[in-house]
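Per the working numbering, the very first residue in the sequence shown carries number 536; after that it's consecutive. From the three backbone atoms N, C-alpha and C, an ideal C-beta is built for every residue, glycine too. All figures in this text were calculated on a predicted structure; none of them were measured in a lab.
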Amino acid sequence: CLRKTRPVVVAALPTSEAEVEAVVGSVGTDHGILAGVLLQANPALPPAPQLRGAMLLAKHCSAQLQSVVPGGRTHFVAVTHSDGPAELEALNGLCKTLDLEWPQVFCRGIVLPGGDAMRLAPAAAEMVVAELSCPAAVLREVRYSSDGTRSTLVPARLVPGVAPPAFTEEEVFVISGGGRGITPLCI
536 CLRKTRPVVV
546 AALPTSEAEV
556 EAVVGSVGTD
566 HGILAGVLLQ
576 ANPALPPAPQ
586 LRGAMLLAKH
596 CSAQLQSVVP
606 GGRTHFVAVT
616 HSDGPAELEA
626 LNGLCKTLDL
636 EWPQVFCRGI
646 VLPGGDAMRL
656 APAAAEMVVA
666 ELSCPAAVLR
676 EVRYSSDGTR
686 STLVPARLVP
696 GVAPPAFTEE
706 EVFVISGGGR
716 GITPLCI
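Below, the structure is given as structure tokens:
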């Protein structure tokens, strides 16, 4: 989706930095500032190149997606299928991390039911459209069952005054990464 509300379809997600940068740049040049990314994982292709392409896409779309959309919102959404390779679940993790890194961008991982018929079904498109228009921005991942039942994970905060799990002096924790995103939540 673009700010001019015209979708641009990129049939195959490039996996090299230069190719992704060129695609994002051409979309901006030809169609205007990018207002959203809807990434459809392909369970028939190897997961690693798809994950690399998704991370590069997030990197090169970051500035455009984090800009203000008058009367709307930008989005980064990944769609996977429940019968796809387990490695593609990392796309949901990417959406969750981007949601923490980009609080003004609507980020969500959507897991649709598996099966070839479902991938082409109008019901799958309706599920994705429903998520794109969902007002509950706090939901970072949504799963649909084959009967259309929607399940979500609702984040919960630790309750002040309730003791966290006890750690012993012998335990060692290594926390790596930046000082934003999920790192502070892990400490």
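R675 (DSSP reduced to helix, strand or coil): For the purposes of this step, residue 675 is taken as the residue at position 140 of the sequence shown. If DSSP states are grouped into helix, strand and coil, R675 belongs with coil.
Got a sec, what are the start and stop residues for the alpha helix (DSSP H) V663 sits in? Along the sequence shown, read from residue 1 onward, the residue named residue 663 stands at position 128. Looking at the DSSP string, the run of the alpha helix (DSSP H) that includes V663 is 657-667.
Determine which residues share a DSSP beta bridge with V572 and list them. The count along the sequence shown starts at 1 and reaches residue 572 at position 37. In the DSSP output, where bridge partners are listed per residue, V572 has F611.
So who's on the other strand from L623, going by DSSP bridges? Here residue 623 refers to the residue found at position 88 of the sequence shown. Note: L623 sits in no beta bridge, so no partner.
When the Cα of P584 is compared with those of D565, S551, Q601, which residue comes out closest? By one-based count along the sequence shown, residue 584 stands at place 49. Per the Cα distances, S551.
Close beta carbons around V612, own chain, < 8 Å, minus the five adjacent residues each side: Counted from its first residue, the sequence shown places residue 612 at position 77. Taken in chain order, the residues that qualify are G571, V572, L573, L574, C630, F641, C642, R643, G644, I645, V663, E666, L667.
Helix, strand or coil: how does DSSP classify G650 here? Indexing the sequence shown from 1 puts residue 650 at position 115. It is coil, neither helix nor strand.
Whole-angstrom Cβ separation of A660 and T615, contact assumed at under 8 Å? Position 125 of the sequence shown, counted from the start, is the residue given in the question as residue 660. Position 80 of the sequence shown, counted from the start, is the residue given in the question as residue 615. Wrong, their Cβ atoms sit about 15 Å apart, outside the cutoff.
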